[in-house]
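Position in the first sequence counted from 1, then plus 6, gives you my numbering.
Ideal Cβ placement from N, Cα and C applies to all residues, glycine included.
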Amino acid sequence: MQQEYNPADIEANVQQYWQQADTFRAVEDNSKEKYYCLAMFPYPSGQLHMGHVRNYTIGDVISRYQRMQGKNVLQPMGWDAFGLPAENAAIKNKVPPAAWTYDNIDYMRGQLQRLGLGYDWERELATCTPEYYRWEQWLFTRLFEKGLVYKKTAAVNWCPVDNTVLANEQVIDGCCWRCDTVVEKREIPQWFMKITDYAEQLLDDLDQLDGWPEQVKTMQANWIGRSEGLQIEFDLENSDANLAVYTTRPDTLMGVTYLAVAAEHPLSLKAAESNPELQAFVDQCRKMETSEEAMETAEKKGVATGVMATHPITGEQVPVWAANFVLMGYGTGAVMSVPAHDQRDYEFAQKYGLAIKQVIAPAGKESCDLSTAAFTEKGQLTNSGQFDGLSSQASFDAIAKELEQRNKGERQVNYRLRDWGVSRQRYWGTPIPIINCPDCGAVPVPEADLPVRLPEDVIVDGSGSPIKSMPEFYQVACPKCGADAERETDTFDTFFESSWYYARFTCPDNTESMLDERAKHWLPVDQYIGGIEHAVLHLLYARFFHKLMRDEGLVDGDEPFKNLLTQGMVLKDGVKMSKSKGNTVDPQALIEQYGADTARLFTMFAAPPEQSLEWSDKAVEGSNRFLNRLWRFTQAHVEKGSCVALDKGNLSDDLKDLRRQIYQALTKVSDDLGRRHTFNTAIAAVMELMNAVTKNSDDTEQGRAVRQEALEMTALMLAPITPHICDALWRALGHDEAVVNVRWPDIDESALKQDKVELIVQVNGKLRAKIKVNADADKDSIEAQALADEHAQKFIDGKEIRKVIVVPGRLINIVVAG
RNA sequence: GCCGGGGUGGCGGAACUGGUAGACGCGCUGGAUUCAAAAUCCAGUUUCUUCGGAAGUGUCGGUUCGAUUCCGACCCUCGGUACCA
7 MQQEYNPADI
17 EANVQQYWQQ
27 ADTFRAVEDN
37 SKEKYYCLAM
47 FPYPSGQLHM
57 GHVRNYTIGD
67 VISRYQRMQG
77 KNVLQPMGWD
87 AFGLPAENAA
97 IKNKVPPAAW
107 TYDNIDYMRG
117 QLQRLGLGYD
127 WERELATCTP
137 EYYRWEQWLF
147 TRLFEKGLVY
157 KKTAAVNWCP
167 VDNTVLANEQ
177 VIDGCCWRCD
187 TVVEKREIPQ
197 WFMKITDYAE
207 QLLDDLDQLD
217 GWPEQVKTMQ
227 ANWIGRSEGL
237 QIEFDLENSD
247 ANLAVYTTRP
257 DTLMGVTYLA
267 VAAEHPLSLK
277 AAESNPELQA
287 FVDQCRKMET
297 SEEAMETAEK
307 KGVATGVMAT
317 HPITGEQVPV
327 WAANFVLMGY
337 GTGAVMSVPA
347 HDQRDYEFAQ
357 KYGLAIKQVI
367 APAGKESCDL
377 STAAFTEKGQ
387 LTNSGQFDGL
397 SSQASFDAIA
407 KELEQRNKGE
417 RQVNYRLRDW
427 GVSRQRYWGT
437 PIPIINCPDC
447 GAVPVPEADL
457 PVRLPEDVIV
467 DGSGSPIKSM
477 PEFYQVACPK
487 CGADAERETD
497 TFDTFFESSW
507 YYARFTCPDN
517 TESMLDERAK
527 HWLPVDQYIG
537 GIEHAVLHLL
547 YARFFHKLMR
557 DEGLVDGDEP
567 FKNLLTQGMV
577 LKDGVKMSKS
587 KGNTVDPQAL
597 IEQYGADTAR
607 LFTMFAAPPE
617 QSLEWSDKAV
627 EGSNRFLNRL
637 WRFTQAHVEK
647 GSCVALDKGN
657 LSDDLKDLRR
667 QIYQALTKVS
677 DDLGRRHTFN
687 TAIAAVMELM
697 NAVTKNSDDT
707 EQGRAVRQEA
717 LEMTALMLAP
727 ITPHICDALW
737 RALGHDEAVV
747 NVRWPDIDES
757 ALKQDKVELI
767 VQVNGKLRAK
777 IKVNADADKD
787 SIEAQALADE
797 HAQKFIDGKE
807 IRKVIVVPGR
817 LINIVVAG
């Protein structure tokens, strides 16, 4: 054993051993319990950032711990390789996206290996290869046949100067990020997946996910947004057409004083032809961002269309307004407005002088003052004709029945969730496998012709996707009739690739089918780890895909991820590390200076995984200092030669104490690594043990034997977190096998037993004394001992004792008067 | 705007089921070692204090023998918001 801790040597040696012994190769083996641990794969942006280091270390610690539990662990790694940054880099550096991406992958793979992450690299995949994306093309054509995909027009952000579609993040304050032109909305035909057909399952199956954080399930449930309400039809004046609206508050129907439609609603567009003011408003709305956030925070504006609608029960005429807060692609593109009982409608009515009619009265003592705000609580109906006096709840049924009889409405379950638009007008993505024939319409590419390969030798200059101007790509014969036809030149949303990669990792080499029996062996993923920012979209799409694949017979079970851990972000100076803020810390430099084990130890120690992690150079040094201390202490111990066997029955009180601390630490670390995933407290427990061990200077034979035990346990307990140094320590302590193959130690219960325990004595809830009592003492004798304590006496002397509360193993609280 | 988190010493954090607030680490202070420094080791470190204690976990209020933990209202901050991944 070397005198000094030299991480560069140690880490290179151990990593070489793992590679040569094929340690992390995962082979299906029914004799062992399987454990599939997956951390969200990275976008190959160029270099690893601290968020990656944290994410992948968490996964590796869990994987190594489970391996030490004797499980057959699968931990794969791959690349979420399609996406916008490759196109941006291509424009900037004049490199094709493919070359840029593959270079990045090669560099980042090396960085991951240097961190000592135990991946089965045989299973590596990159989503930008035809071997991968051909299978999602295949699935899409299957879904086409099943009617689960369809085409409709939808709005995109359009920059009229660059002549290109912009992502939401490329729109800054309503303007193009590159040329600062005001962005316009443009309606173009796009492919959609019917995720709403699975809305109910996606909601109900959340109940199966006991291993998911409650907050993530809540966010998903709210996102899906199931509601029960009524669809109500309003007849239009001078027209056969009618206007349908959906409401969850039919009890307020009698208070409707106007209707609002989206500016681009056909009704509004038609009215605008003869109304210049409305036309100006429609044009103005066209220059709005498409994001929900922008819509909701924008000032609420509207213009009367001049069209009147007939109230389905009273027959009264109410005006129809065009409003910027009504979304065309959402529900029916129209809403009924009840200013007295909805705050947004109230503010709109105040602004434009529309009528406010109260139809709900408070049932309890809630305040209702319609001169200041809407009354949005439920209550008792008033001013509602035949429904007067009913409760909000009772009126739901009564009004539903009335409307059904009049054929003017029906009950409906509605979801906030919208169908998934998967078309992107970009180059660097999976080509959508559809051919548009002038006679046959949209025709899926036949299986034999898959994959539709994305040409990689292209020039990207920011003026639109290069494949849109490549006849050799898009000119094809219709697979059905042979006529001249055109390929889709749009590509898939990159969430498409990341929605099923977890399954493909089980059989990435299969060239015959999307998945095989190995998927059924390994799935579901036992532990999934990734950023909280993916709580809704990615995780919902992956759950959706799992159900689609299940219905194709490709996988078993309803859900892909049994347990989920959502990690927090890595911050510096309180803000997220990012290139634009210039506050990034390069993991490469960190590893070169201190080694992978220090990088791993610091990221696990600085905060629990679910919280954000504040970067600190000084704390990194502290982590390195601890490893140095551990190394030197072990070295000094080993240097004095081998130890005799431990004689448990023949130890001094101090040594018994020390052994108890060893097994208390082991108890805590086992729970923290296996159940709680609080690696910071596990490390703290090991540090505490080390402090106790270094304080003990018993150099007798038994003293050295206990020290040997403590150091062995420390090497094992830290092995999942800092695997390189622990391998070297374990060997130095006299073992021949690699620590990665050692089983997690058992707890020696006999070492944990204590004769006396310390209890605290409170008087009126304040700490006043500490007493030692026999571990098996009964409540009465504990109480008596507490009352007799001289410190406690000072605070109870001469006062009336009202109550004494004894919490076994913890405390005694003496409640006195005055 | 809406949905979901978070707020505890100078700093990162601990307190797991309502029971000793501040484990562990960083920083700082003092000491040892050194010609000197670095490194290392030892001791101390919430604030105030009349040295008895008192106050204290974003703010205000409540429940309880006892609240960082439960309930209500509010403030600040972070993530998501459907074309960033």
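In this chain, Ala-775 is not harboured by any alpha helix (DSSP H); it is covered by the beta strand (DSSP E) spanning 772-780.
Around the beta carbon of Met-7, a 10 Å sphere encloses fewer than 16 other beta carbons of the protein chains shown; the residue is thus reported as exposed.
Taken atom to atom, the span from the alpha-carbon of Glu-34 to that of Arg-129 is near 13 Å.
Leu-80 has its alpha-carbon roughly 15 Å from the corresponding atom of Asn-569. Counting C-beta pairs with one atom in each stretch, the segment 316-333 and the segment 254-273 have three or more that are closer than 8 Å, which means they touch. Annotation: Trp-218 to Leu-571 spans about 7 Å, alpha carbon to alpha carbon. For Phe-550, the closest alpha carbon among the candidates Tyr-204, Arg-140, Ala-340 is that of Tyr-204.
Counting only runs that start and end inside the segment 60-119, the alpha helix (DSSP H) elements of at least 4 residues fall at 90-99. The beta carbons of Asp-445 and Phe-198 sit no closer together than 8 Å.
In the structure shown, Pro-166 adopts coil according to DSSP, grouped into three states. Secondary structure remark: continuous alpha helix (DSSP H) runs of at least 4 residues inside the segment 667-703, in chain order: 685-701. The Cβ atoms of Ala-642 and Ala-671 do not sit closer than 8 Å to each other. Inter-residue distance for Cys-484 and Val-262 is about 53 Å (C-alpha atoms, whole angstroms). Listed in chain order, the non-local C-beta contacts of Phe-501 below 7 Å within the same chain comprise Leu-543, His-544, Tyr-547, local neighbours out to five positions each way being set aside. Each residue's CA atom was taken as its position, placing Asn-656 and Thr-720 some 23 Å apart. Going by DSSP, Glu-234 is part of the beta strand (DSSP E) stretching over 232-242. By the criterion of at least three beta-carbon pairs nearer than 8 Å, the segment 522-529 is not in contact with the segment 466-475.
The shortest CA-to-CA distance from Tyr-108 to any of Val-155, Tyr-49, Ala-32 is the one to Tyr-49. Non-local C-beta neighbours of Glu-383 in its own chain, meaning closer than 6 Å and more than five positions away in sequence, comprise Glu-372, ordered along the chain.
Between Pro-751 and the set Asp-786, Tyr-669, Asp-761, the nearest pair of CA atoms involves Tyr-669. A distance below 7 Å between beta-carbons, with the five flanking residues on each side excluded, links Gly-435 to the following residues of its chain, in chain order: Phe-88, Thr-497, Phe-498, Thr-500. Per DSSP, Trp-197 lies in no alpha helix (DSSP H) segment; the continuous beta strand (DSSP E) that holds it begins and ends at 190-199.
Excluding residues up to 5 positions away in sequence, Ala-329, Asn-330, Phe-331, Arg-350, Glu-353, Phe-354, Lys-357 lie with their Cβ nearer than 8 Å to the Cβ of Lys-306 in the same chain. Inter-residue distance for Tyr-42 and Ala-32 is about 10 Å (C-alpha atoms, whole angstroms). For Pro-325, the three-state secondary structure derived from DSSP is strand.
Pairing Ser-69 with Gly-740, the inter-Cα distance amounts to about 25 Å.
Judged by their CB atoms, Gly-76 and Arg-816 are not nearer to each other than the 8 Å cut-off.
The DSSP-derived three-state label of Glu-383 is coil. Our two residues, Ile-802 and Pro-814, have alpha carbons roughly 21 Å apart in a direct line. Annotation: Ala-792 to Gly-588 spans about 59 Å, alpha carbon to alpha carbon. Beta-carbon to beta-carbon, Asp-257 and Ile-366 are separated by about 7 Å, close enough to satisfy the 8 Å threshold. Here Tyr-508 is buried. Its C-beta has 16 or more other C-beta atoms within 10 Å.
Straight-line measurement puts the Cα of Ala-404 at about 8 Å from the Cα of Phe-393.
Nearest in C-alpha terms to Gln-72, of all of Pro-318, Asn-697, Asp-677, is Asp-677.
Rounded to whole angstroms, the separation of the alpha carbons of Ala-300 and Trp-144 is 37 Å.
Here the segment 612-623 does not lie against the segment 634-650, with fewer than 3 beta-carbon pairs under 8 Å apart.
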